[in-house]
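S.K.: Here this note's numbering runs 115 ahead of the position in the sequence shown, where the first position is 1.
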Amino acid sequence: MIIAANLKTNLTRKQTKEYVENIESFLIENNNSQEVLVFPTASSLNEHSGKVTIGVQNAYATQNGAFTGELGTDHLDEFAIKTILIGHSERRHVLGESQEELVKKFNFYKELGFKIVYCIGEPLEVREAGNDTMMEYISAQYEGIDAEYDNLIIAYEPVWAIGTGLTPTLEDIEAIHKDLKKKSPAPLLYGGSVKVTNAADVLALKSVDGVLVGSASLYVEHFCAMCEYAQNIENKN
Ligand code: PGA
116 MIIAANLKTN
126 LTRKQTKEYV
136 ENIESFLIEN
146 NNSQEVLVFP
156 TASSLNEHSG
166 KVTIGVQNAY
176 ATQNGAFTGE
186 LGTDHLDEFA
196 IKTILIGHSE
206 RRHVLGESQE
216 ELVKKFNFYK
226 ELGFKIVYCI
236 GEPLEVREAG
246 NDTMMEYISA
256 QYEGIDAEYD
266 NLIIAYEPVW
276 AIGTGLTPTL
286 EDIEAIHKDL
296 KKKSPAPLLY
306 GGSVKVTNAA
316 DVLALKSVDG
326 VLVGSASLYV
336 EHFCAMCEYA
346 QNIENKN
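1) With C-beta atoms as the reference, is ILE231 less than 7 Å away from GLN256?
2) Verify the contact flag: LEU217, CB atom, against every heavy atom of ligand 1, threshold strictly below 6 Å.
3) Could you check whether the Cβ of GLY66 sits closer than 6 Å to any heavy atom belonging to ligand 1?
4) Closest to LYS298 by CA distance: which of ALA262, ILE138, GLY280, ASP192 is it?
5) Compute every distance between the C-beta of VAL323 and the non-hydrogen atoms of ligand 1, then say whether any falls below 6 Å.
6) Please confirm whether ILE260 and PHE221 have their CB atoms less than 7 Å apart.
7) Helix, strand or coil: how does DSSP classify ALA331 here?
8) Taking 6 Å as the cut-off, is the beta-carbon of LEU327 closer than that to any non-hydrogen atom of ligand 1?
9) When you compare each of HIS203, GLY184, HIS292 to GLY278 by their alpha carbons, which one comes out closest?
10) Provide the residue(s) that pair with PHE338 in DSSP beta bridges, ordered along the chain.
11) In whole angstroms, what separates the C-alpha of LEU239 from that of ALA119?
12) Are the segment 161-177 and the segment 196-214 in contact at 8 Å, needing three or more beta carbon pairs?
13) How many Å lie between VAL241 and ASP247 at the Cα?
14) Could you tell me whether the Cβ atoms of ALA276 and GLY307 are closer together than 7 Å?
15) Determine the direct distance from the alpha carbon of LYS129 to that of LEU142, and round the result to whole angstroms.
16) Looking at the strands, I want to know which residues DSSP matches up with ALA270.
17) Considering PHE141, what are the terminal residues of the beta strand (DSSP E) in which it resides?
18) Reducing DSSP to helix, strand and coil, say where ALA120 ends up.
19) Could you check if ASN121 belongs to the surroundings of ligand 1, using beta carbon to heavy atom distance under 6 Å?
20) Between which two residues does the alpha helix (DSSP H) containing THR248 stretch?
21) Are the beta-carbon atoms of VAL317 and ALA340 separated by less than 7 Å?
22) Any chance the CB of SER213 is under 6 Å from a heavy atom of ligand 1?
23) What residue range does the alpha helix (DSSP H) around THR188 cover?
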């Protein structure tokens, strides 16, 4: 399974280094073979090789140039980074990235063979408008995206569940994931208020291939516990 930590605008470079080292030791000591991805803040990137894959939360579709505040592939290459998060709800809704911009970014990084974790998910008012409206909204987030790209991971994250402590029911997650599985063969993660207390149940769902964790991932023991749950589920199957 895939266990991913989105550290957002948290942890300094020194803290991130320690964080990743702790996870590395945990995975080695526990013979854990799960795919673990960590997305640090851009200024907290360190050179790293090991079991944990480091990705970026964002980068611009460029090698370099005049794009104030953005990173290009020159900067990712410096840290041998080949994994990127695209379409996170905070980029879409707080920072105003449009589907068109995301598609441009997606195609650029796909062309370079990056592992892309592409996020989708609906705001509360869309969810409340009923299933058809919700699926229509989510379908629009697939527009222009190559859902068959072989280095793609999709993360379904309802906007209203991110950082709120609210989650859909397990039945709802299973039902939506089943529908989403028809749209793409890519592994499908669930994200949005995944905690150490609910991760095992979410990971146990048939249509869930992993989790994308924000706030709870900041507690390294909690994040490692989630890696362990995933390993236990895999060992049982
Ligand atoms: P959360 O964030 O776990 O804090 O809800 C998830 C995410 O934004 O990826």
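For each residue, glycine too, the CB sits at the ideal point set by N, CA and C.
M.R.: Inspection of the coordinates gives the following:
1) Locating residue 231 in the sequence shown gives position 116, where the first residue counts as 1. Locating residue 256 in the sequence shown gives position 141, where the first residue counts as 1. No.
2) Locating residue 217 in the sequence shown gives position 102, where the first residue counts as 1. Outside the cutoff, so no.
3) Lying before the first or after the last residue shown, residue 66 is absent from the chain, which here runs from 116 to 352.
4) The count along the sequence shown starts at 1 and reaches residue 298 at position 183. Ranking ALA262, ILE138, GLY280, ASP192 by Cα distance to LYS298 puts ALA262 first.
5) Within the sequence shown, numbered from 1, the residue matching residue 323 stands at position 208. Because no heavy atom of ligand 1 lies under 6 Å away, the Cβ of VAL323 does not count as near it: no.
6) The residue labelled residue 260 in the question sits at position 145 within the sequence shown. The residue labelled residue 221 in the question sits at position 106 within the sequence shown. The answer is yes: Cβ separation under 7 Å.
7) On the sequence shown, position 216 is the one that residue 331 refers to. Reduced to three states, the DSSP call for ALA331 is helix.
8) Taking the first residue of the sequence shown as 1, we reach residue 327 at position 212. It does: the Cβ of LEU327 is within 6 Å (strictly closer) of some heavy atom of ligand 1.
9) One-based indexing of the sequence shown puts residue 278 at position 163. Looking at the Cα atoms, HIS203 is the closest of the given residues.
10) In the sequence shown, residue 338 corresponds to position 223, counting from 1. In DSSP, PHE338 forms no bridge with anything.
11) As a first step, residue 239 must be located in the sequence shown, where it is residue number 124. As a first step, residue 119 must be located in the sequence shown, where it is residue number 4. For LEU239 and ALA119, the distance between alpha carbons rounds to 24 Å.
12) yes
13) Along the sequence shown, one-based indexing puts residue 241 at 126. Along the sequence shown, one-based indexing puts residue 247 at 132. Roughly 10 Å between the two C-alpha positions.
14) For the purposes of this step, residue 276 is identified with residue 161 of the sequence shown, where counting begins at 1. For the purposes of this step, residue 307 is identified with residue 192 of the sequence shown, where counting begins at 1. Yes.
15) The residue given as residue 142 occupies position 27 in the sequence shown. The residue given as residue 129 occupies position 14 in the sequence shown. Approximately 20 Å between the Cα atoms of the pair.
16) Indexing the sequence shown from 1 puts residue 270 at position 155. CYS234, LEU304, per the DSSP bridge assignment.
17) For the purposes of this step, residue 141 is identified with residue 26 of the sequence shown, where counting begins at 1. It is not in any beta strand (DSSP E) - PHE141 instead sits in the alpha helix (DSSP H) that spans 128-144.
18) Locating residue 120 in the sequence shown gives position 5, counting from the first residue. In the structure shown, ALA120 sits in a strand (DSSP, three-state: E or B).
19) For the purposes of this step, residue 121 is identified with residue 6 of the sequence shown, where counting begins at 1. For ligand 1, at least one heavy atom lies less than 6 Å from the Cβ of ASN121.
20) Here residue 248 refers to the residue found at position 133 when the sequence shown is read from its first residue. Its alpha helix (DSSP H) spans residues 246-255.
21) As a position in the sequence shown, residue 317 is number 202, starting the count at 1. As a position in the sequence shown, residue 340 is number 225, starting the count at 1. No; because the gap between Cβ atoms is not below 7 Å, this pair is not in contact.
22) The sequence position of residue 213 within the sequence shown is 98, counting from 1. Result no, Cβ not under 6 Å from ligand 1.
23) Sequence index remark: in the sequence shown, residue 188 carries index 73 (1-based). Taken as a continuous stretch (DSSP letters only), the alpha helix (DSSP H) holding THR188 covers 188-192.
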